[in-house]
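These notes concern the structure reproduced below.
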Amino acid sequence: MPYSLNEVTQGAIDLAPYRDGHYITLRLKSSMYHHMHAPTDCDTSSIHYISGDTWNVNPPTLRRIEKLFCKNERAVIELNPEDAHARIALVPVAAILVSSMRFSDLDFPLALQCKGANKIPFERHFTRGERLGNFEHGSTIVMLTSKHFTFMPDMEEGQIIRMGQALMRPNHFHAQPSTGQMS
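Just so you know, we're using our numbering here: the sequence shown kicks off at 10 and counts up by one.
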């Protein structure tokens, strides 16, 4: 990860549960499905909106602009699974033409025009696969997990992920992750 967790989340969540955890970056091209779904049964309490730029998130731009995911507009949503020790955080990152993110049960989009508090109440229970929200166009989601999860061993960089496809599982299966590990 070419940036720190604190840089990408701007202190929106307690990062201690993510120490020794894992991350994956999911790029959503403009031709792809733009909805976010709960990866497991979980509860949420708030969405932290972080205003920023809307640089393109394609590979050439990522190489050219250092720490782009820390500069672009984004949100931080912590998912609290039924296992009290496990944590998942989703960081949807806006991009050019995408400065609008919508979340289930919020009657307004999070966008550059958002004014006011950056911590928005979002107390909800989601079941696995339930829609969390969507982008208005393509973009990126950075997914962080505590050490209690392992990404599926057959995942590869550049692989197309389909709605409903398993990304991770509880780590009691003892599979080795094939994505990045945080320290």
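Glycine included, every Cβ here is placed at the ideal spot set by N, Cα and C.
E87 is classed as buried because its beta carbon has at least 16 other beta carbons within 10 Å across all chains shown. In this structure, the beta-carbon distance from L176 to Y27 does not fall below 8 angstroms. The shortest CA-to-CA distance from K80 to any of D62, H94 and D50 is the one to D62. With a minimum length of 3 residues, the unbroken runs of beta strand (DSSP E) contained wholly in the stretch 127 to 164 fall at 128 to 135, 140 to 144, 148 to 154 and 158 to 160.
Cβ-Cβ distances below 8 angstroms link W64 to T70, I74, L77, K80, N81, A104 and I105 in the same chain, with the five nearest sequence neighbours on each side left out; the list follows chain order.
The three-state reading of DSSP puts P90 in strand, counting E and B together. Annotated as proximal: H57 and K128, with beta-carbon spacing under 8 angstroms.
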